[in-house]
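Numbering-wise (UniProt numbering), the sequence shown opens with residue 1 and increments by one. Just so you know, even glycine gets a beta-carbon here, dropped at the ideal spot from N, CA and C. Because the structure is a prediction, the values reported are computed rather than measured.
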Amino acid sequence: MVTPAFGFSDGDFIAAINLIVRVSKALNDSGGAASEYRMLLQELQQLQLILKQLREMSSASSRSHSHFNAVKGMALAIQFPLLEFLAKLERFNSSMCGTSSSSRWRSAPGKAQWAVVMQEEVNRMRAVITMKLVTITVLLALPTTEMLSRVKRAANEGQILLKETKEAVEDSNNELLAQIDAIRTGGCSRLQSINLDTSRLLQVCAGLRVSFQRLEKEHLTTKNSQQKQHHLVRHTLKQQSALFQTATHTLQFSLQRTSLAVGQLLKMFINFSKEVLDYLKRLQ
């Protein structure tokens, strides 16, 4: 049966994943301890993981829509051999439990023969699943390989463009250096004139500096002289104030002595007058 390369629904992937779960459960129920059984379980888990990834993967991430659907169809085509294997595995489990209606497998030799047949079916199923896994992996890697080739081509084109850009930059640098040399040659005379003007300006600045220093010195001299005069005036005023205070005290002391002398004279005059009056009275 040919699987179409388009029109896969989400239900198709769910059915395939559920089928893998059923096969894995039946394989565990069979109780097979051989390494082939364990390897088949691991490969079924890998197949289930790939189907889940394809289910969640958007076809827009692939360069070709038909290529992406082809990968999905290849993955979903595993359902048919899985269904056949599941039917045989369920019959095997029934025979091992003694519930089979066929008399052929009820005896111990029959069960052993059935186990050998089932071992061959496990190996065949492993081969089918391994082939599917390899095929799907290769198909999924094709767009990546093509993308790497495109990246490599783009890198080569980028190197060519980088080389051309580098050459253009070198040409521009050479042209710029030539222009700088021309400007440098033409500007030598102008630079000399500027240097001469600068030298003159420096001389003027030096003269101004000397003048400023002289003015500052004269200002300091005048300031010191004024400070000295101010100090002398203050000292003179202080001395005069001290002399005035001394004279005031002396005058006050003299006034006090004069007042005392006048008081004594008045007292003496009064006493003398009394004595004269008394004397005149006695004469009468």
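DSSP three-state assignment for residue i, whether helix, strand or coil
i, result
"A70", "helix"
"A242", "helix"
"A261", "helix"
"A136", "Before going on, a small fix: residue 136 reads as Ile here, not Ala. Of the three classes helix, strand and coil, the one that applies to I136 here is helix, per DSSP."
"I129", "helix"
"I78", "coil"
"N271", "helix"
Counted within 10 angstroms of its Cβ, other Cβ atoms place residue i as buried (16 or more) or exposed
i, result
"M118", "buried"
"L86", "buried"
"F212", "exposed"
"K132", "buried"
"A242", "exposed"
"L82", "buried"
"I270", "exposed"
"M125", "buried"
"A141", "exposed"
"A261", "exposed"
"I194", "exposed"
CA-to-CA distance, residue j to residue i, given in whole angstroms
i, j, result
"S30", "V71", "32 Å"
"V116", "I14", "32 Å"
"Q226", "G207", "29 Å"
"R214", "S199", "23 Å"
"N123", "S35", "10 Å"
"Q173", "Q179", "The sequence shown places Asn at residue 173, not Gln. The alpha-carbon atoms of N173 and Q179 are separated by roughly 10 Å."
"L44", "S94", "22 Å"
"Q46", "V134", "11 Å"
"T185", "I160", "38 Å"
"E167", "R153", "21 Å"
"L266", "T246", "30 Å"
"Q239", "K223", "24 Å"
"S254", "F244", "15 Å"
"I183", "L201", "26 Å"
"L220", "L232", "18 Å"
"D171", "L177", "10 Å"
"L54", "E120", "30 Å"
"residue 289", "Q203", "A query on residue 289 cannot be resolved here, the shown segment of the chain reaching from 1 to 284 and no further."
"Y279", "S273", "10 Å"
"E175", "C205", "42 Å"
"T130", "G73", "16 Å"
"K281", "Q252", "43 Å"
"E164", "D181", "26 Å"
"D197", "V210", "20 Å"
"E275", "T236", "57 Å"
"L283", "T258", "37 Å"
Span of the alpha helix (DSSP H), counted from its first residue to its last, around residue i
i, result
"A26", "10 to 30"
"I50", "35 to 56"
Reference residue i, options the options, closest by Cα
i, options, result
"L40", "E216, V276, V128", "V128"
"D10", "F253, L202, K52", "K52"
"R22", "A75, D197, E84, S35", "E84"
"I50", "A75, R38, N28", "A75"
"Q78", "H219, Q48, R55", "Reading the sequence as shown, one finds Ile at residue 78 and not Gln. The shortest C-alpha separation from I78 is found at Q48."
"F92", "E275, I136, L27", "L27"
"I20", "L89, E56, N69", "L89"
"N69", "D12, Q256, S24", "D12"
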